[in-house]
Amino acid sequence: MEFRQLEAFVATAELKSFSQAAKYLYLSQSTISSHVQNLEDDLGRKLLLRTTKSITLTPEGETFLSYARKIVETKDQAVLSLQQSSKSMLHIGASSIPSGYLLPEIIAGFKKKYPEMHFSIWQGSSDEIAELLLSDSVDIAFTGKDISSPLCESLKVCPDHLMLVTPATEEYKKLKENRAKISEILKYPMILRSNGSGTQFVASKLLEGLGIKKSDLNVIAQTNDLESIQQMIVHGMGISICSRFSTQNLLDSDKVITYPLDNANMRHFSLHYMNIKKSHPTIKLFLDYVQNLIDEGIYK
């Protein structure tokens, strides 16, 4: 049994055509047919039922296909691994706001300075990204929530401010004109970030400071999709507590009304990394690059 026979069998079984398998593998149809026939002869089992109109798997073919597919996939992964080994790869996990508003500019500048660098980026909630870092699934975590572990160190990149954002309907405009208190506005329908979000964590602390429990809120929706939250506010569905970064595109429009919140609840977006890996050449290079950006005052 040879690998090329397995590859021909898998392609034919999945595409249900010798001619399509031949095109996929850049071989002649007769070569594909010969490989499959030789494989069946080696195994002493019929794997495919051939008719003039179709190709179907025999019961033995169904059983053998799952194993053959794994062998082919393992080979493809092994080749990819060898290709990637010649590249410098940095695995980064980022929560929604750093992922969408900070990281793209940082890695674009870093890539320009170090063209050989490549990135694998995972986006999730702050809690999910923290778990990825602690399980050594990513090299660096970029979140707006601290990671409480003696195994980690952090680099503060930039501060963030939370704002109360409301629709710009007549009802909310009147609240603004009448200088309504934040506590009064918070009685209106509320859209929250999902649990595990750094923004939601800080927002909860802020509400606690105002003596407001989550159970006191009129929560009508909860999601981690920032664009969805924006659109729900713009369409008058409710209010939300948002990062200044996620509402930058709306601040100069007449679609929303914003209220700055207490700076005591300001947080920082930070890079987190494992102590034992901070001297790793690729990680250190990235951290030094970001530190230079901070020293230059780019992120305030």
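Here our numbering = 1-based position in the sequence shown + 21.
All C-beta atoms, glycine included, are put in the ideal place defined by N, C-alpha and C.
Just so it is clear, the structure is predicted and the values come from calculations on it, not from any experiment.
Exposure of residue i, with buried meaning 16 or more beta-carbon neighbours within 10 Å
i    : result
G230 : exposed
M22  : exposed
S116 : buried
Q252 : exposed
A129 : exposed
A99  : exposed
P171 : exposed
P80  : exposed
S107 : Annotation note: pLDDT 49 at S107 (below 50); position unreliable, no value reported.
Reduced DSSP secondary structure (H/G/I, E/B, other) of residue i
i    : result
R288 : strand
P348 : Since the first and last residues shown for the chain are 22 and 321, residue 348 lies out of range.
R200 : coil
G230 : helix
I168 : coil
T77  : strand
T244 : strand
S38  : coil
I161 : strand
K299 : coil
Y280 : strand
G82  : helix
Sub-8 Å separation of residue i and residue j beta-carbons
i    : j    : result
T187 : I212 : no
N245 : Y209 : no
F30  : L70  : no
L183 : F307 : no
L2   : F290 : Residue coverage of the chain in this structure runs from 22 to 321, which leaves residue 2 outside it and unanswerable.
H131 : I113 : The displayed chain sequence assigns Phe, not His, to residue 131. Not a contact, by the Cβ cut-off of 8 Å.
K166 : F85  : no
K197 : I262 : no
S75  : D181 : no
L247 : S267 : yes
L155 : L282 : no
D148 : G217 : yes
Distance between residue j and residue i (C-alpha atoms, nearest Å)
i    : j    : result
M138 : P302 : 12 Å
F24  : V93  : 8 Å
L27  : L68  : 11 Å
S146 : D316 : 28 Å
K202 : L228 : 13 Å
S120 : K96  : 32 Å
S204 : A224 : 13 Å
A189 : K299 : 47 Å
E174 : N296 : 6 Å
R214 : S169 : 21 Å
Close beta carbons around residue i, own chain, < 6 Å, minus the five adjacent residues each side
i    : result
V255 : K276
Y320 : V178, C179
I161 : I113, L292, Y294
I150 : G114, S116, A162, T164
Close-in-space but distant-in-sequence residues of the same chain around residue i (CB under 7 Å, 5 per side omitted)
i   : result
A32 : A42, Y45, L46
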